[in-house]
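Q:
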Amino acid sequence: MSDAKTNVANVVTSIKDCADVGMYTFSKMSPQLAAFVGVGLFVKNLIVSTADDPNGQVLKNLRDVRTEIKRLDDSMKKNFNDLKAFIVAQNFYNNIAVKAAILCQFWSDITVTNDEKSRESSVLFFREMYDKHSPVELSETLLQLLNNEMTNFLKSAMTADSLMTKEAFTTHRDIIGGVFAQFWMLESIASGLFHDGRTYRADKIAENFQWFEKCAKKWEEEYTAGDDFWPDKVRQFVEGIQDNNEEKTITQKADLIKEGLEKIMTNVRTTF
567 MSDAKTNVAN VVTSIKDCAD VGMYTFSKMS PQLAAFVGVG LFVKNLIVST
617 ADDPNGQVLK NLRDVRTEIK RLDDSMKKNF NDLKAFIVAQ NFYNNIAVKA
667 AILCQFWSDI TVTNDEKSRE SSVLFFREMY DKHSPVELSE TLLQLLNNEM
717 TNFLKSAMTA DSLMTKEAFT THRDIIGGVF AQFWMLESIA SGLFHDGRTY
767 RADKIAENFQ WFEKCAKKWE EEYTAGDDFW PDKVRQFVEG IQDNNEEKTI
817 TQKADLIKEG LEKIMTNVRT TF
């Protein structure tokens, strides 16, 4: 029981750390692979929780998983609201992100069931959804979207951003990384719950995430070294400041322009 208690505590802490920053984060979750697998194994072998059940306290602690996942998913939804404005991102949102959120919801339902029958039903339903929307397969689909210029919504977001800012890049990069982390968490739990502790599916998602990280670093370097924002985007930005701030002084307008230009994701400053 001590191992189960430790695993649950580590999983809750890991998810809470992510909830505190409002995003599933691979670096905060991946060190606890054994704990996530252990929780899956624990749920698989649960017996009816009674007053004398030695697992009773662990089950109470397990309910904290749902609390933190709900808090985390609420934060993720806020991040996705901006994504839905982009047509290219809708494919990602509808076919990837929504399915990840649904799977997380079904998994968290298991953690709050009060009796063996309900728990078994919850596990069976989660398994049905898990088989229908395989996290590792969804991670492969996400890679395909990112590997295609037409469906890479991070690049589309940068093109659509008025000044191709660092904030736009970071926001979309972190959202993608967060979904990879969701898939990894789900497959880690499933490793214990359905696959006898074998973690090859979670390991594959970790590989996919590492590929994405390398690509994101390369894209970041390309944007930083590039000057695609010049001259059209800068001209449009400056004209927008001038047209929409007639009540401001020349100095105030200059400050707004300077503030905006400093947000551009580039090392090319001599152009200004």
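The numbering used here applies: residue 567 is where the sequence shown begins, and numbers increase by one.
Cβ coordinates follow ideal geometry from the N, Cα and C atoms, glycine included.
Treat the numbers as computed from the prediction; the structure is a model and nothing was measured.
Pull up the CB-CB distance for L669 and M695, whole angstroms please, since I reckon it's below 8 Å.
A: The count along the sequence shown starts at 1 and reaches residue 669 at position 103. The count along the sequence shown starts at 1 and reaches residue 695 at position 129. Sure, about 6 Å apart at Cβ, within 8 Å.
Q: Does the Cβ of G604 have 16 or more other Cβ atoms within 10 Å, making it buried, or fewer, making it exposed?
A: As a working note, residue 604 is residue 38 in the sequence shown. It is buried - the Cβ of G604 has at least 16 other Cβ atoms within 10 Å.
Q: Label R764 either buried or exposed according to how many other C-beta atoms from any shown protein chain fall within 10 Å of its C-beta, with 16 as the threshold for buried.
A: To locate residue 764, count along the sequence shown from 1; it is residue 198. That one is exposed.
Q: So is M716 buried or exposed if we call it buried at 16+ other beta carbons inside 10 Å?
A: Within the sequence shown, residue 716 is the residue found at index 150, counting from 1. Per the 10 Å Cβ criterion, exposed.
Q: Just to confirm my understanding: we take F692, look at its own chain, exclude 5 residues before and 5 after, and list those with CB closer than 7 Å. What are they?
A: Taking the sequence shown and counting its residues from 1, one reaches residue 692 at position 126. Cβ within range, chain order: F672, W673 and I676.
Q: Roughly how many whole angstroms lie between the Cα atoms of F749 and A768?
A: Working through the sequence shown from its first residue, we reach residue 749 at position 183. Working through the sequence shown from its first residue, we reach residue 768 at position 202. About 8 Å.
Q: Excluding the 5 residues flanking K770 on each side, which residues of the same chain have their C-beta closer than 7 Å to its C-beta?
A: The residue given as residue 770 occupies position 204 in the sequence shown. Cβ within range, chain order: V702.
Q: Mark L612 as exposed unless 16 or more other C-beta atoms lie within 10 angstroms of its C-beta, in which case mark it buried.
A: Start at 1 with the first residue of the sequence shown, and residue 612 comes out as number 46. By the neighbour-count rule (16 or more Cβ atoms within 10 Å), L612 is buried.
Q: Apart from the five residues on each side of it in sequence, which residues of its chain come closer than 7 Å, Cβ to Cβ, to A747?
A: Your numbering for residue 747 matches position 181 in the sequence shown. These residues qualify, in order along the chain: Y590, T591, F592 and M595.
Q: Rounded to the nearest angstrom, what separates E753 and D809 at their Cα positions?
A: In the sequence shown, residue 753 corresponds to position 187, counting from 1. In the sequence shown, residue 809 corresponds to position 243, counting from 1. Using only the alpha carbons, I get a separation of about 52 Å.
Q: Which of helix, strand or coil does DSSP assign to L612?
A: Position 46 of the sequence shown, counted from the first residue, corresponds to residue 612. Here L612 sits in coil by DSSP.
Q: Give a yes or no on whether the C-beta atoms belonging to R739 and A772 are separated by under 8 Å.
A: Against the sequence shown, residue 739 aligns to sequence position 173. Against the sequence shown, residue 772 aligns to sequence position 206. No, Cβ-Cβ distance for R739 and A772 is not below 8 Å.
Q: Whole angstroms is fine: what's the gap from Y659's alpha carbon to K721's?
A: Here residue 659 corresponds to residue number 93 of the sequence shown, with the count starting at 1. Here residue 721 corresponds to residue number 155 of the sequence shown, with the count starting at 1. Taking the straight line from one Cα to the other gives about 15 Å.
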